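*Asks:* Numbering (our numbering), first residue to last: 55 to 185. Beta carbons are placed, not taken as given, at the ideal position from N, Cα and C, and that holds for glycine. A quick note: this is a predicted structure, and the numbers were derived from the prediction, not measured.
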Amino acid sequence: MLLNFVEEIRPKAGDHMVFQLGNFNNLVSRLPVQANGYHKTMKSCYDKWESLKWDYYAALAVARGSRLAYSAARGADVITEAGQLVMDDVVKNWPDTAQYQNMGFKYFNHMRDLALPDKARGTNAHHATGA
Numbered sequence: 055m056l057l058n059f060v061e062e063i064r065p066k067a068g069d070h071m072v073f074q075l076g077n078f079n080n081l082v083s084r085l086p087v088q089a090n091g092y093h094k095t096m097k098s099c100y101d102k103w104e105s106l107k108w109d110y111y112a113a114l115a116v117a118r119g120s121r122l123a124y125s126a127a128r129g130a131d132v133i134t135e136a137g138q139l140v141m142d143d144v145v146k147n148w149p150d151t152a153q154y155q156n157m158g159f160k161y162f163n164h165m166r167d168l169a170l171p172d173k174a175r176g177t178n179a180h181h182a183t184g185a
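Here it is in structure tokens:
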């Protein structure tokens, strides 16, 4: 439900899909009340969105950095020794990616469809020179 809501209010987010806390007020009113569940607030919805973004970027780092086939269901699915060496290097550089080594991020395709930008793009990105 959160991702569908984010898709609806996407124009308010700007290029980096950063929402103001108040945007999640409408989502809280749409959520069903659960008798024994945790009462959702704007802050908890905002925090969940930020957490999903971090998880997406970690899974994306595995998908791109490992040069292995990545599946939203199985992650990088490392089965060979050479693949494990590659993944060890990826995890060393990006510690948050360890959880996606043999387990996928189930919202990966949906988050990719939202077209979240990479963090290192544009004129301020560091570009290594061949010197």
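Measuring CA to CA, which of Asp109, Ile133, Lys97 and Thr151 is closest to methionine 14?
*Replies:* Given a span of 55 to 185 for the chain in the structure shown, any question on residue 14 remains unanswerable.
*Asks:* Going by the CB atoms, is the gap between leucine 122 and alanine 130 shorter than 7 Å?
*Replies:* Taking the sequence shown and counting its residues from 1, one reaches residue 130 at position 76. Taking the sequence shown and counting its residues from 1, one reaches residue 122 at position 68. In this structure, leucine 122 lies closer than 7 Å to alanine 130 by Cβ.
*Asks:* Use the C-beta contact count for tyrosine 92: other C-beta atoms within 10 angstroms, 16 or more gives buried, fewer gives exposed.
*Replies:* Numbered from its first residue, the sequence shown carries residue 92 at position 38. Flag for tyrosine 92 reads exposed.
*Asks:* Quick check: lysine 66 and asparagine 79, are their CB atoms within less than 7 Å of each other?
*Replies:* On the sequence shown, position 12 is the one that residue 66 refers to. On the sequence shown, position 25 is the one that residue 79 refers to. Against a cut-off of 7 Å, the Cβ pair of asparagine 79 and lysine 66 comes out as no contact.
*Asks:* With C-beta atoms as the reference, is valine 82 less than 7 Å away from methionine 96?
*Replies:* Counting from one through the sequence shown, the residue named residue 82 turns up at place 28. Counting from one through the sequence shown, the residue named residue 96 turns up at place 42. For valine 82 and methionine 96, yes; Cβs fall inside 7 Å.
*Asks:* May I ask which residues mark the beginning and end of the alpha helix (DSSP H) holding phenylalanine 162?
*Replies:* What you label residue 162 is simply residue 108 of the sequence shown in a count that begins at 1. Where phenylalanine 162 is concerned, the enclosing alpha helix (DSSP H) stretches over 162-167.
*Asks:* Determine the DSSP secondary structure at glycine 91, reduced to helix, strand or coil.
*Replies:* Taking the first residue of the sequence shown as position 1, residue 91 is located at position 37. Here glycine 91 sits in coil by DSSP.
*Asks:* Look up glycine 137 in the DSSP assignment and say whether it is helix, strand or coil.
*Replies:* For this step, residue 137 is matched to residue 83 along the sequence shown. Of the three classes helix, strand and coil, the one that applies to glycine 137 here is helix, per DSSP.
*Asks:* Go ahead and pull the three-state DSSP assignment for glycine 129.
*Replies:* As a first step, residue 129 is located in the sequence shown; it is residue number 75 there, counting from the start. Of the three classes helix, strand and coil, the one that applies to glycine 129 here is strand, per DSSP.
*Asks:* Using 6 Å as the cut-off, classify the Cβ of arginine 84 as near or not near the heavy atoms of the ligand SAH, replying yes or no.
*Replies:* Ligands displayed in this structure: none; no statement on the ligand SAH is therefore possible.
*Asks:* Helix, strand or coil: how does DSSP classify glycine 158 here?
*Replies:* Within the sequence shown, the letter at position 104 stands for residue 158. DSSP places glycine 158 in coil when its eight states are reduced to three.
*Asks:* Exposed or buried, valine 60, counting other C-beta atoms within 10 Å across all chains shown (16 or more means buried)?
*Replies:* Here the question's residue 60 lines up with position 6 in the sequence shown. Label assigned to valine 60: buried.
*Asks:* How would you label glutamine 155, buried or exposed, when you count the other beta carbons within 10 angstroms and need 16 or more for buried?
*Replies:* As a working mapping, residue 155 is identified with position 101 in the sequence shown. Glutamine 155 should be labelled buried.
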